[in-house]
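Residue numbers (the UniProt record's numbering): 58 to 374. Every residue gets a Cβ at the ideal spot worked out from N, C-alpha and C, and that includes glycine.
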Ligand code: ADP
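Structure below.
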């Protein structure tokens with residue numbers, strides 16, 4: 058028999074002031090690096106760097122109010138001196154603020170001090186699918202099914218809120234500690250104000266840009282479905298569908314719809330990629346159609362993935 062005290066009894070014996078966090082706080086968070094949010098009277102300690110973006114550096118932050126770890130996007134005010142740059146951040150915050158879904162990174166708060174602006178988000182400690190693909194080169198079909206299902210659910214929710222993400226890519230598909238997928242980065246997103254509204258321009262360069270966005274013909278929700286197809290291709294094949302050595306040539310291939318699905322990709326997977334990568338936006342599948350697609354309804358769908366999948370190929374039953 059086990060004579061050690063039950064874990065709960067152990068906890069009760071501790072003084073109340075010790076944070077009951079799974080992380081060893083003294084080791085992972087710098088007690089001299091304090092960030093104070095006066096809007097909610099919360100103090101954060103800065104931890105490890107999660108990643109760097111165009112504007113932001115993203116760190117793990119420990120809230121001393123609730124001992125939870127968040128991801129803090131920290132943007133130096135020296136980098137956003139122009140009014141439109143600040144406007145863009147505020148827009149991103151405004152769009153993300155009322156999104157609450159299992160597969161969308163949850164917004165926590167926004168504040169500033171003299172040197173930086175801070176966006177506090179749900180922490181995705183296992184970073185993004187870019188990091189996974191760096192180790193793995195390409196993924197197995199059950200893994201792709203697992204990630205794609207969650208991507209589709211996240212996008213479905215975002216569209217339901219009348220938002221087009223416009224920059225769906227591997228780097229914006231984050232993973233939390235439990236390997237759950239979370240959509241991130243609403244920096245290029247836009248709200249559709251009335252049914253049938255066509256957006257004419259994007260303020261920035263989407264990675265998996267759809268032909269109608271490229272040609273400035275007017276675009277809408279279908280541009281995200283195009284990106285979903287590109288993501289699925291990239292995960293299974295290990296490179297994007299229209300990749301060339303120059304942006305100009307890549308854009309030409311997108312316009313000409315010139316891509317090949319390698320022959321080792323299964324029939325249902327190849328078919329779904331081809332449906333999403335249709336030049337005509339209205340001919341791409343709806344999210345409802347995607348959900349019911351043969352790729353998702355047949356074949357093995359893991360309920361969870363072990364974190365070892367971030368770096369090595371899993372063995373499925
Ligand atoms: P920018 O808008 O300046 O490009 P990003 O949103 O791309 O900044 O964030 C920079 C990096 O921080 C990303 O590469 C990503 O890996 C990481 N990151 C962003 N949000 C989170 C989060 N919620 N949890 C974990 N890491 C994140």
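Mind checking which residues open and close the beta strand (DSSP E) that includes residue i?
{"i": "residue 232", "result": "230-232"}
{"i": "residue 174", "result": "173-179"}
{"i": "residue 114", "result": "114-120"}
Can you tell which of the options has the C-alpha that lies nearest to the C-alpha of residue i?
{"i": "residue 45", "options": "287, 151, 337 and 309", "result": "With the chain covering only 58 through 374, there is no way to say anything about residue 45."}
{"i": "residue 145", "options": "113, 251 and 331", "result": "113"}
{"i": "residue 104", "options": "310, 316, 337 and 117", "result": "117"}
{"i": "residue 285", "options": "207, 255, 133 and 182", "result": "207"}
{"i": "residue 318", "options": "333, 306, 312 and 305", "result": "333"}
{"i": "residue 221", "options": "372, 156 and 192", "result": "156"}
{"i": "residue 370", "options": "140, 189 and 115", "result": "189"}
{"i": "residue 219", "options": "259, 250, 238 and 290", "result": "250"}
Got a sec: does the ligand ADP put a non-hydrogen atom nearer than 6 Å to the Cβ of residue i?
{"i": "residue 246", "result": "no"}
{"i": "residue 180", "result": "yes"}
{"i": "residue 162", "result": "yes"}
{"i": "residue 241", "result": "yes"}
{"i": "residue 139", "result": "no"}
{"i": "residue 260", "result": "no"}
{"i": "residue 184", "result": "yes"}
{"i": "residue 367", "result": "no"}
{"i": "residue 112", "result": "yes"}
{"i": "residue 128", "result": "yes"}
{"i": "residue 108", "result": "yes"}
Using a threshold of 7 Å, state whether the C-beta atoms of residue i and residue j are closer than that.
{"i": "residue 106", "j": "residue 119", "result": "no"}
{"i": "residue 160", "j": "residue 133", "result": "no"}
{"i": "residue 241", "j": "residue 152", "result": "no"}
{"i": "residue 149", "j": "residue 162", "result": "no"}
{"i": "residue 182", "j": "residue 228", "result": "no"}
{"i": "residue 326", "j": "residue 299", "result": "no"}
{"i": "residue 176", "j": "residue 130", "result": "yes"}
Considering just the uninterrupted stretch of the alpha helix (DSSP H) at residue i, what are its terminal residues?
{"i": "residue 186", "result": "186-193"}
{"i": "residue 347", "result": "344-348"}
{"i": "residue 205", "result": "198-217"}
So that I know if they touch, is there some Cβ in chain D lying closer than 7 Å to that of residue i?
{"i": "residue 121", "result": "Of the protein chains in this structure there is only one, and it is not chain D."}
Where are the alpha helix (DSSP H) runs, 4 residues long or more, that stay fully inside the stretch 133-169, in chain order? Unbroken alpha helix (DSSP H) stretches of 4 residues or longer found wholly inside the stretch 133-169: 140-154, given in chain order.
At 3 residues or longer, what runs of the beta strand (DSSP E) sit wholly inside the stretch 83-112? Restricted to the stretch 83-112, the beta strand (DSSP E) segments that are unbroken, complete and at least 3 residues in length are 87-94 and 99-109, listed in chain order.
What alpha helix (DSSP H) runs, 4 residues minimum, are completely inside the stretch 315-359? Segments of the alpha helix (DSSP H) lying fully in the stretch 315-359: 324-333, 344-348 and 351-354.
Note down, one range per segment and in chain order, each alpha helix (DSSP H) of at least 4 residues found wholly within the stretch 238-310. If we require 4 residues or more, the alpha helix (DSSP H) runs fully inside the stretch 238-310 come out as 268-271 and 279-294.
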